[in-house]
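Encoded as structure tokens, the structure appears first; notes follow it.
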Amino acid sequence: MAEKKYESKDIVVLEGLEAVRLRPGMYIGTTSAKGFHHILWEIVDNAIDEISNGFGDTIKITINTDGSATVEDNGRGIPVDMHPTLKKSGVEVVYTTLHAGGKFNNENYKFSGGLHGVGASVTNALSRWCKVEVNKNGKKYLIEFHSFEDEHGKIHSGIPVGPLKEIGTSKTSGTKVTFLPDDRVFGKQEFSYETIIKRARELAFLNKGLKIIVKDDRIGEENAFHYEGGIKDFVSYLVEGKTPLFKTPLYYSAESKIIQLEVSFVPTDSYTENTFSYVNNIPTTEGGMHEIGFKSALTKVFNDYARENNFLKEKEQNLLGEDFREGLVTVINVKMNNVQFEGQTKTKLGNPEARTEVENLTLQELSKLLADKKNSMFAEVVINRAKQAAKVRIAAKKAKELTRAKNNAENFNLIGKLASASSRDREKCELFIVEGDSAGGSAKQGRDRKYQAILPLRGKPLNAEKKRIDQVLANEEVRTIISALDTGFGEDFDLSSLRYDKVIILSDADVDGFHIRAILCTFFYRYMKQLITEGHVYVGLPPLYKVYKKDYEKYVYSDAELAEAVASAGKGYMIQRYKGLGEMNPEQLWETTMDPENRTLIQVTIDDAAEAEKMITTLMGDNIDARKAYINEHANFDREDTFMRDYKKV
Ligand code: 28F
0 MAEKKYESKD IVVLEGLEAV RLRPGMYIGT TSAKGFHHIL WEIVDNAIDE ISNGFGDTIK
60 ITINTDGSAT VEDNGRGIPV DMHPTLKKSG VEVVYTTLHA GGKFNNENYK FSGGLHGVGA
120 SVTNALSRWC KVEVNKNGKK YLIEFHSFED EHGKIHSGIP VGPLKEIGTS KTSGTKVTFL
180 PDDRVFGKQE FSYETIIKRA RELAFLNKGL KIIVKDDRIG EENAFHYEGG IKDFVSYLVE
240 GKTPLFKTPL YYSAESKIIQ LEVSFVPTDS YTENTFSYVN NIPTTEGGMH EIGFKSALTK
300 VFNDYARENN FLKEKEQNLL GEDFREGLVT VINVKMNNVQ FEGQTKTKLG NPEARTEVEN
360 LTLQELSKLL ADKKNSMFAE VVINRAKQAA KVRIAAKKAK ELTRAKNNAE NFNLIGKLAS
420 ASSRDREKCE LFIVEGDSAG GSAKQGRDRK YQAILPLRGK PLNAEKKRID QVLANEEVRT
480 IISALDTGFG EDFDLSSLRY DKVIILSDAD VDGFHIRAIL CTFFYRYMKQ LITEGHVYVG
540 LPPLYKVYKK DYEKYVYSDA ELAEAVASAG KGYMIQRYKG LGEMNPEQLW ETTMDPENRT
600 LIQVTIDDAA EAEKMITTLM GDNIDARKAY INEHANFDRE DTFMRDYKKV
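In numbering that gives the first Met the number 0, the protein residues as written are 0 to 649.
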């Protein structure tokens, strides 16, 4: 196909620049920092369009010391020939006419984000001055625009100082634009190097091969971005700091008559889905049709693969899309024409054809990739991760149904073995989760009945054997905790319904106790995070020893304090060692561990809980040796270790 040559006569003229000056918000959304940078991105977009069309490969953005910015590319250079009827050069038309652009549906402009030059006039209209230099045909050309105030005080902007001039010769080609944003529009503002770097990096990821150099002459810094892997490198960049479950992301690209598509993703051990989608280099934060198309194809391809390769047995249900997407980090990059943006922030792709196109291209390309033996490990990791997610999902659903049934039960005060507090004053009430039936019994007798509720936890159901979160959710007592707190959990969690200001975990200083704390913290971390971030979760610290003789009694909470207590007791003292909570009678338990006047509580922080969840996740694996090693390393039975090292004292 012969390439159509664009000349100045092809430019369609629509509207004057005064409109932009009158209502800048209509053209750039806002005149805040976002709008201030927007007029820079308009120019950068034009350079990207030229490079995407196959001309040039490098863009340089410079923040100058006088507050202006320069953008240059090594493309063909904006046309300089005279527009036959307008009697102006192509450059002048592009910079002074709103919506000046090539006609739609032209082969040259297939998939270009905007249309060449569309936004340049907006930038010019909102600048104090603007200079455009074009290198083309062995020559160097220049045109300058300025703003001035007329005798009525009216500001005219984007006015050519003179026609395009030939100012020398040139061995290269390209366009170089420098402009100073008008402070009468934007107020006192400056370009942010950080903002520009961030977007430049993103654009380099989204446009494979494109080189972007960003230079800040105010501070003498320079950064260059160039990714031969494109969005595959983007995904690798996004998972830095996370734990990917596979070393390299999967990548495919495909193209139809109406769309260009590129997708890359990798599974991680995280519990949230992270999908970043773009249309014509614009982030579609609210998603839309392209994302929907991708998601349904992803689910189908992996379910089919799982069946064909016996990861799903005949009687087993298909996995859900959310199961596959849990922990998945995905970048979707779409280029298409005539885009319609919808939603609250106009960042949702509305074009229905984007859905079917992305779905079909993904079905085709992804199944091709999975059919390749060298991707079988990748597929297996994704499917196993999804199966684990499904298990947890099913357990959570069951727990939800059961707690709902319990909440409807008539005698709410006696859910299972919960001894509830008589007061309804949430600010003062406390829930003790106590390890073991015998300690639970003592706690029930020794407590302040008005404000303290007791829930005994049998050691067995939550010991080291029951380490996985789906098994935790299936646990009767854990469901009782959910019911007792009255907040719901997961997506339904509502802190304002919390029935107890303090949730206090009381467990022994041994391996089981250590696990119970870690499992409960993991549960709160995953399903009731705010309970921890708002400071409602505590670990109670029972004494290790009692040093006593006639008329003397002192409880000791750590080995370090023991010598001190012995010294102050003098001759004839005795030491009682408490091996577990169960050895204390109700009075002792109250005095040492439950009485707000005397007790020591350790507030569980979000870091503690994150650490606990990491540990539980390690222990979830099938590697028994790794599990034992972890327990041996972390669960030292010295009290200082099991409590003080793993939780911060407050
Ligand atoms: C620093 C900013 O703006 N680069 C640009 C071109 C190249 C052409 C062009 C631009 C044609 C019909 C308008 C050259 N030769 N960098 C830039 N590089 N615009 S903007 O054409 C403009 C129009 O409508 C170009 C042949 N065809 C196009």
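The beta-carbon is built from N, C-alpha and C at its ideal position, and this holds for glycine as well.
Start-to-end residues for the alpha helix (DSSP H) that takes in residue i
| i | result |
| --- | --- |
| Pro351 | 351-370 |
| Gly55 | From DSSP, Gly55 is part of no alpha helix (DSSP H); its letter is neither H nor E. |
| Thr670 | The structure shown does not extend to residue 670, since the chain is modelled only from 0 to 649, so the question has no answer here. |
| Ser421 | Where Ser421 is concerned, there is no enclosing alpha helix (DSSP H), given that its DSSP letter is neither H nor E. |
| Ile531 | 528-532 |
| Ser567 | 558-568 |
| Tyr26 | 23-27 |
Cα-Cα separation between residue i and residue j, rounded to whole angstroms
| i | j | result |
| --- | --- | --- |
| Asp509 | Thr298 | 44 Å |
| Lys205 | Arg198 | Reading off the sequence shown, one finds Leu at residue 205, where the question assumed Lys. If I take the Cα positions, the gap works out to 10 Å. |
| Ile503 | Pro266 | 36 Å |
| Lys87 | Glu239 | 51 Å |
| Lys459 | Ser482 | With a pLDDT of only 49 at Lys459, under the threshold of 50, the placement of this residue in the model should not be trusted; the figure read from the coordinates follows. When rounded, the distance between both Cα atoms is 21 Å. |
| Glu552 | Val565 | 10 Å |
| Leu484 | Ser51 | 57 Å |
| Val234 | Pro248 | 7 Å |
| Ala18 | Ile77 | 24 Å |
| Ser276 | Val328 | 11 Å |
| Tyr26 | Gly292 | 31 Å |
| Glu290 | Lys373 | 27 Å |
| Leu16 | Thr171 | 32 Å |
| Ile38 | Leu125 | 8 Å |
| Ser506 | Pro243 | 34 Å |
| Lys74 | Gly53 | The sequence given here has Gly at residue 74, not Lys. Gly74 and Gly53: Cα-Cα distance of roughly 8 Å. |
| Ile166 | Arg127 | 23 Å |
| Tyr250 | Cys428 | 54 Å |
| Arg200 | Leu237 | 12 Å |
| Lys139 | Thr168 | 5 Å |
| Lys627 | Glu610 | 17 Å |
| Tyr524 | Ile393 | 19 Å |
| His145 | Gly229 | 39 Å |
| Asn273 | Gly326 | 7 Å |
| Ser295 | Gly320 | 7 Å |
| Ser375 | Leu369 | 6 Å |
| Thr29 | Pro23 | 7 Å |
| Ala253 | Met288 | 17 Å |
| Arg576 | Val555 | 9 Å |
| Glu132 | Asn336 | 29 Å |
N- and C-terminal bounds of the beta strand (DSSP E) containing residue i
| i | result |
| --- | --- |
| Phe233 | Unbroken run through Phe233 is the alpha helix (DSSP H), 230-237; no beta strand (DSSP E). |
| Asn123 | Careful: Asn123 lies outside any beta strand (DSSP E), inside the alpha helix (DSSP H) at 119-124. |
| Phe431 | 429-434 |
| His225 | 220-225 |
| Ala508 | That residue, Ala508, is in no beta strand (DSSP E); it is neither H nor E in DSSP. |
| Phe576 | Looking at the sequence shown, residue 576 is not Phe but Arg. Where Arg576 is concerned, the enclosing beta strand (DSSP E) stretches over 573-576. |
| Ala68 | 68-72 |
| Val536 | 536-539 |
| Pro585 | Counting along the chain, Pro585 falls outside any beta strand (DSSP E), though it belongs to the alpha helix (DSSP H) covering 585-588. |
| Tyr94 | Run containing Tyr94: none in the beta strand (DSSP E); it sits in the alpha helix (DSSP H), 89-95. |
| Val79 | Per DSSP, Val79 belongs to no beta strand (DSSP E) and is neither H nor E. |
| Gln602 | 600-602 |
| Pro455 | 451-456 |
| Phe144 | 138-148 |
| Lys345 | That residue, Lys345, is in no beta strand (DSSP E); it is neither H nor E in DSSP. |
| Ser252 | 249-254 |
| Glu552 | 551-555 |
Check: residue i C-beta below 8 Å from any heavy atom of the ligand ATP
| i | result |
| --- | --- |
| Gly34 | For the structure depicted, the ligand ATP is absent and the ligand set comprises only the ligand 28F. |
Neighbour flag for residue i against chain C, beta carbons, 9 Å
| i | result |
| --- | --- |
| Val391 | Here there is only one protein chain, and chain C is not present. |
Check: Using 8 Å as the Cβ pair cut-off and three pairs as the minimum, do the region 531-538 and the region 559-573 touch?
Finding: no
Check: So, do the region 177-195 and the region 76-96 have three or more beta carbon pairs nearer to each other than 8 Å?
Finding: no
Next item on the list: Mind the definition here: the region 208-223 touches the region 347-364 only if three or more C-beta pairs lie below 8 Å; say whether that holds.
Entry: no
Next item on the list: Within the region 265-331, note down every full alpha helix (DSSP H) run reaching 4 residues or more, in order along the chain.
Entry: 288-307, 320-324, all fully within the region 265-331.
Item checked: Touch test, the region 524-532 against the region 487-500, Cβ-Cβ under 8 Å, three pairs minimum -> Verdict: yes, contact present.
Next item on the list: Would you list, in sequence order, the uninterrupted beta strand (DSSP E) runs of no fewer than 3 residues that lie entirely inside the region 158-227?
Entry: 164-168, 173-180, 210-215, 220-225
Margin query: Check whether the region 436-444 and the region 511-529 are in contact - that is, three or more C-beta pairs closer than 8 Å.
Written below: Output reads no: the region 511-529 does not touch the region 436-444.
Checklist line | Stretch pair the region 30-50 + the region 138-151: three plus CB contacts closer than 8 Å | finding: no
Next item on the list: Report yes or no: do the region 245-263 and the region 302-313 share at least 3 C-beta pairs separated by less than 8 Å?
Entry: Counting Cβ pairs under 8 Å, fewer than three are found: no touch.
Margin query: Three or more C-beta pairs under 8 Å: does that hold for the region 268-286 against the region 357-364?
Written below: no
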